[in-house]
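Visitor: With positions in the first sequence counted from 1, the corresponding number in the numbering used here is that position plus 61. Just dropping this structure here.
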Amino acid sequence: MELESNFIKTIMEEDLKNGKVSEIVTRFPPEPNAYLHIGHARAIITNFELAKIFNGKTNLRFDDTNPVKEDSSFVEAIKEDIKWLGYEPAQVLFGSDYFGQTYDLAVTLINKGLAYVCDLNQEEMREYRGTLTEAGKNSPYRNRSISENLQLFKEMRDGKFEDGEKTLRAKIDMASPNMNMRDPVIYRIIHIEHHNTGNKWCIYPMYDFAHPIQDSIEGVTHSLCSIEYDDHRILYDWVVEKCDMPHIPHQYEFGRLNITNTIMSKRYLKQLVESNLVKWYDDPRMPTLTGLRRRGYTRDSIKNFVLGTGLSRINSTVSSEMLETSIRNDLNYQVKRVNAVLNPLKVTITNYPENEIEWIDVEYSKDNEALGTRKIAFGRNVYIEKEDFLELKPNKKWKRLSLGIEVRLMHAYFIKCNEIVKDSEGNIVELLCTYDPITKSGSGFIDRKPNGNIHFVEATTSRKSVFNHFEPLMLDSDSKRDMVERLNPNSWKTLNGFVEIDLKDTYSLERFQFIRNGYYATDYDSKKELLVFNRICELRSSFK
RNA sequence: UGGGCUAUGGCCAAGUGGUUAAGGCAUCGGACUUUGACUCCGUGAUCCCAAGUUCAAAUCUUGGUAGCCCAGCCA
Numbered sequence: 062m063e064l065e066s067n068f069i070k071t072i073m074e075e076d077l078k079n080g081k082v083s084e085i086v087t088r089f090p091p092e093p094n095a096y097l098h099i100g101h102a103r104a105i106i107t108n109f110e111l112a113k114i115f116n117g118k119t120n121l122r123f124d125d126t127n128p129v130k131e132d133s134s135f136v137e138a139i140k141e142d143i144k145w146l147g148y149e150p151a152q153v154l155f156g157s158d159y160f161g162q163t164y165d166l167a168v169t170l171i172n173k174g175l176a177y178v179c180d181l182n183q184e185e186m187r188e189y190r191g192t193l194t195e196a197g198k199n200s201p202y203r204n205r206s207i208s209e210n211l212q213l214f215k216e217m218r219d220g221k222f223e224d225g226e227k228t229l230r231a232k233i234d235m236a237s238p239n240m241n242m243r244d245p246v247i248y249r250i251i252h253i254e255h256h257n258t259g260n261k262w263c264i265y266p267m268y269d270f271a272h273p274i275q276d277s278i279e280g281v282t283h284s285l286c287s288i289e290y291d292d293h294r295i296l297y298d299w300v301v302e303k304c305d306m307p308h309i310p311h312q313y314e315f316g317r318l319n320i321t322n323t324i325m326s327k328r329y330l331k332q333l334v335e336s337n338l339v340k341w342y343d344d345p346r347m348p349t350l351t352g353l354r355r356r357g358y359t360r361d362s363i364k365n366f367v368l369g370t371g372l373s374r375i376n377s378t379v380s381s382e383m384l385e386t387s388i389r390n391d392l393n394y395q396v397k398r399v400n401a402v403l404n405p406l407k408v409t410i411t412n413y414p415e416n417e418i419e420w421i422d423v424e425y426s427k428d429n430e431a432l433g434t435r436k437i438a439f440g441r442n443v444y445i446e447k448e449d450f451l452e453l454k455p456n457k458k459w460k461r462l463s464l465g466i467e468v469r470l471m472h473a474y475f476i477k478c479n480e481i482v483k484d485s486e487g488n489i490v491e492l493l494c495t496y497d498p499i500t501k502s503g504s505g506f507i508d509r510k511p512n513g514n515i516h517f518v519e520a521t522t523s524r525k526s527v528f529n530h531f532e533p534l535m536l537d538s539d540s541k542r543d544m545v546e547r548l549n550p551n552s553w554k555t556l557n558g559f560v561e562i563d564l565k566d567t568y569s570l571e572r573f574q575f576i577r578n579g580y581y582a583t584d585y586d587s588k589k590e591l592l593v594f595n596r597i598c599e600l601r602s603s604f605k
């Protein structure tokens with residue numbers, strides 16, 4: 062799928078056309094403190110695809126300016142997710158690579174009288190900041206001399222002070238209606254080992270100061286971020302200007318992408334994992350990229366989904382059905398269509414010889430012959446789905462098996478149900494049927510029409526399997542309600558059944574259409590003796 | 001009268017003064033079918049409201065209304 066027209070693409074076209082920029086350079090700047098989710102995928106895809114269209118380039122830059130929260134374990138996971146999506150960054154960089162230059166630029170600001178060391182503690186600073194409707198007031202430390210500021214900032218760097226004892230603040234305007242401009246902190250003291258720089262630094266720049274500098278150093282032309290940074294842009298531009306950055310990057314904001322029944326906040330995903338409400342970040346129910354991958358989603362389905370939702374400045378909530386449609390469309394043509402019985406009901410073909418198995422050639426997909434064929438087994442003992450049998454045909458629309466009714470076992474023969482075997486509690490445990498040899502599939506038999514076509518697997522050759530079915534983790538998206546209350550108790554359902562013998566050597570993440578059941582992917586935990594499949598999504602159904 | 005952003009069918013979204021206002025998802029019909037799948041056909045908008053500018057307005061102006069964001073030494 063192509064990237065549709067959107068406002069950022071239009072801006073880039075104009076910038077290129079009127080010579081404002083000669084090349085498009087974008088960046089994806091994740092903070093290495095969490096696993097990436099499908100919301101990040103929008104940012105990744107947007108940055109890379111936009112640059113690609115204009116033959117530009119995209120860097121991956123880890124935004125690691127806060128060692129309290131960040132960890133190198135996330136660095137590798139994030140790299141892997143981006144690679145999985147099929148993108149290769151022009152460069153892989155770290156914000157911490159620029160700590161030296163960032164420090165020097167802070168000194169530049171001090172020398173210009175545009176930054177000062179402030180002794181206010183956190184609480185005092187909040188009081189001085191004012192409120193949304195009232196102006197703040199100047200810090201008593203605002204007018205320290207340049208030399209004193211220089212000395213103090215150096216001492217901050219040299220570890221003379223405790224965490225929180227002092228900050229470096231930009232001197233802008235405590236009466237600004239934009240809170241971000243009320244002398245924002247640009248450096249703070251944190252005595253913690255950094256995953257990249259170790260103990261070299263004990264002061265770290267804030268995002269608002271570091272980000273524009275990083276963008277400028279890297280020659281980023283279009284710095285894309287989410288809409289809540291809109292009122293940070295004025296500060297972004299201030300930093301670029303006052304630091305006399307030779308290259309001037311520009312920030313553009315776009316809305317966040319939400320999906321119905323899906324909650325994507327880092328805090329929430331972390332809580333799910335730490336409370337053992339899911340197995341891990343790669344749990345197939347998680348909206349993380351690693352979870353979606355394990356579920357069986359393909360990179361193209363994610364890309365097409367994101368591209369299909371478009372891009373605007375609105376925070377949008379897209380129906381999860383759109384994601385499902387995207388994976389169905391991707392898998393429909395390219396995947397093998399095979400038989401699996403998830404809720405087995407034993408069927409004995411009473412007029413078929415015992416100990417005889419018949420092998421039938423069947424194409425994997427009549428829509429894609431290149432997939433080839435395999436042999437399916439047919440014999441005296443088969444399994445069909447429990448839901449494909451009802452003792453009494455309920456209405457004319459019922460296109461499945463009932464007592465005295467004849468249906469086709471797909472790719473094999475017509476069978477007719479003659480007798481029902483029940484246990485002492487009245488549950489149906491077996492069906493006794495007869496088959497008609499002249500109705501064999503492919504024989505051209507047209508004298509009778511069966512009451513529908515159902516799938517089956519031969520009992521003695523099929524492989525025991527576990528099928529994991531998923532529902533949304535949350536029953537609603539009302540973030541005001543407690544998470545545990547909203548949890549869907551049926552988000553993971555396990556079924557035990559059989560797949561046709563052809564799947565005995567399936568490998569992790571191999572994807573199939575199980576005929577009439579849905580799309581599935583082989584789980585990492587699948588073993589030869591017990592195959593495990595995750596349902597990616599159901600087939601569409603107009604059955605009412 | 002704190003500041004900022006946004007408003008196009010149920011959900012996304014193109015559209016940049018002249019179009020029958022693209023497209024996708026969903027819905028509802030129908031055709032086809034050895035998957036109740038796929039595929040194919042059909043199906044919906046006085047563009048938040050009001051006034052104005054103009055021969056002509058979703059697009060420009062003014063005034064409303066509604067929603068979202070901002071008071072971390074988080075990003």
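Yeah, the Cβ is synthetic: ideal placement off N, Cα and C, and Gly gets one too. Note that the structure is a prediction, hence the values are computed from the model and not measured.
Using the Cα positions of Lys130 and Leu146, report the straight-line distance between them to the nearest angstrom.
Guide: Here residue 130 corresponds to residue number 69 of the first sequence, with the count starting at 1. Here residue 146 corresponds to residue number 85 of the first sequence, with the count starting at 1. Looking at the two C-alpha atoms, the distance is approximately 25 Å.
Visitor: Report yes if the CB atom of Val168 is closer than 9 Å to the CB atom of Phe214, and no otherwise.
Guide: Position 107 of the first sequence, counted from the first residue, corresponds to residue 168. Position 153 of the first sequence, counted from the first residue, corresponds to residue 214. Contact flag set, yes.
Visitor: Taking the Cβ atom as the reference point for each residue, do Asn210 and Tyr177 lie within a distance shorter than 9 Å?
Guide: The count along the first sequence starts at 1 and reaches residue 210 at position 149. The count along the first sequence starts at 1 and reaches residue 177 at position 116. Closer than 9 Å, so yes.
Visitor: Taking three-plus beta-carbon pairs below 8 Å as touching, is the region 360 to 379 in contact with the region 298 to 311?
Guide: Contact between the region 360 to 379 and the region 298 to 311 is absent: fewer than 3 CB-CB pairs across the two stretches fall below 8 Å.
Visitor: State the start and end residues of the unbroken alpha helix (DSSP H) segment that holds Leu556.
Guide: The sequence position of residue 556 within the first sequence is 495, counting from 1. Segment 553 to 560 is the beta strand (DSSP E) holding Leu556; no alpha helix (DSSP H) there.
Visitor: Suppose the cutoff is 6 Å on Cβ atoms and the five residues either side in sequence are ignored; what does the same chain contact list for Glu571 look like?
Guide: Against the first sequence, residue 571 aligns to sequence position 510. Cβ neighbours of Glu571 beyond the five flanking positions: Thr583.
Visitor: Keeping to the same chain, check which residues put their C-beta closer than 6 Å to that of Glu491; ignore five residues upstream and five downstream.
Guide: As a first step, residue 491 is located in the first sequence; it is residue number 430 there, counting from the start. For Glu491, where only same-chain residues beyond five positions count, the Cβ hits under 6 Å are Lys407, Val482.
Visitor: Roughly how many angstroms lie between the CA atoms of Asn479 and Leu464, to the nearest whole one?
Guide: Sequence index remark: in the first sequence, residue 479 carries index 418 (1-based). Sequence index remark: in the first sequence, residue 464 carries index 403 (1-based). A direct Cα-Cα distance of roughly 6 Å separates Asn479 from Leu464.
Visitor: So what does Trp420 bridge to, in DSSP terms?
Guide: Position 359 of the first sequence, counted from the start, is the residue given in the question as residue 420. Paired residues: Ala438.
Visitor: Hey, Phe155 and Asp125 are a contact pair by Cβ (cut 8 Å); roughly how many whole angstroms apart?
Guide: Here residue 155 is taken as the residue at index 94 of the first sequence, counted from 1. Here residue 125 is taken as the residue at index 64 of the first sequence, counted from 1. Yes, they are in contact, since the Cβ atoms of Phe155 and Asp125 sit about 6 Å apart, within 8 Å.
Visitor: Assuming the contact rule is C-beta atoms closer than 8 Å, Ile295 and Met242 should be a hit. Round their C-beta distance to whole Å, please.
Guide: Looking up residue 295 in the first sequence gives position 234. Looking up residue 242 in the first sequence gives position 181. Going by Cβ atoms, the distance from Ile295 to Met242 rounds to 7 Å, so yes, they are a contact pair.
Visitor: So is Val560 buried or exposed if we call it buried at 16+ other beta carbons inside 10 Å?
Guide: As a working note, residue 560 is residue 499 in the first sequence. Burial call: buried.
Visitor: Which residues bound the beta strand (DSSP E) around Ala176?
Guide: Locating residue 176 in the first sequence gives position 115, counting from the first residue. Segment 176 to 179, the beta strand (DSSP E) holding Ala176.
Visitor: How do the region 428 to 435 and the region 384 to 403 stand: do at least 3 beta-carbon pairs fall below 8 Å, yes or no?
Guide: yes
Visitor: Counting only the same chain and skipping the five closest in sequence on each side, list residues whose C-beta sits under 7 Å from that of Asp497.
Guide: Your numbering for residue 497 matches position 436 in the first sequence. Only residues of its own chain outside the window of five on either side were considered, and among them Tyr474, Phe475 have a CB closer than 7 Å to the CB of Asp497, listed in chain order.
Visitor: Three Cβ pairs or more, each shorter than 8 Å: is that satisfied between the region 274 to 288 and the region 246 to 255?
Guide: no
Visitor: Count the other CB atoms, across all protein chains shown, that sit within 10 Å of the CB of Asp508; report buried if there are 16 or more and exposed otherwise.
Guide: Residue mapping note: residue 508 aligns to position 447 of the first sequence, counting from 1. When all chains shown are included, Asp508 counts as exposed.
Visitor: Between which two residues does the beta strand (DSSP E) containing His311 stretch?
Guide: On the first sequence, residue 311 is found 250 positions in, with the first residue counted as 1. Per DSSP, His311 belongs to the beta strand (DSSP E) from 311 to 315.
Visitor: Are the region 257 to 268 and the region 74 to 85 touching, with three or more C-beta to C-beta distances below 8 Å?
Guide: At 8 Å Cβ cutoff, the stretches do not touch.
Visitor: Just mark Asp422 as buried or exposed, buried being the case when its beta carbon has 16 or more other beta carbons within 10 Å.
Guide: Residue mapping note: residue 422 aligns to position 361 of the first sequence, counting from 1. Label assigned to Asp422: exposed.
Visitor: Between which residues of its own chain and Gly225 is the CB-CB distance below 8 Å, once the five residues before and five after are set aside?
Guide: Here residue 225 refers to the residue found at position 164 of the first sequence. Result list for Gly225: Asn182, Gln183, Arg249, Ile250, in chain order.
Visitor: Starting from Lys215, trace the alpha helix (DSSP H) in both directions and tell me its first and last residue.
Guide: One-based indexing of the first sequence puts residue 215 at position 154. Element bounds for Lys215: 207 to 218.
Visitor: For the 8 Å Cβ check, are there 3 or more pairs between the region 447 to 454 and the region 522 to 540?
Guide: no
Visitor: For Gln574, report the span of its beta strand (DSSP E) as first-last.
Guide: Working through the first sequence from its first residue, we reach residue 574 at position 513. Residues 572 to 575.
Visitor: Taking Phe160 as the reference, which of Thr409, Phe270, Glu419, His98 has the closest Cα?
Guide: Stepping through the first sequence from its first residue, residue 160 is reached at position 99. Of Thr409, Phe270, Glu419, His98, the residue nearest in Cα terms is Phe270.
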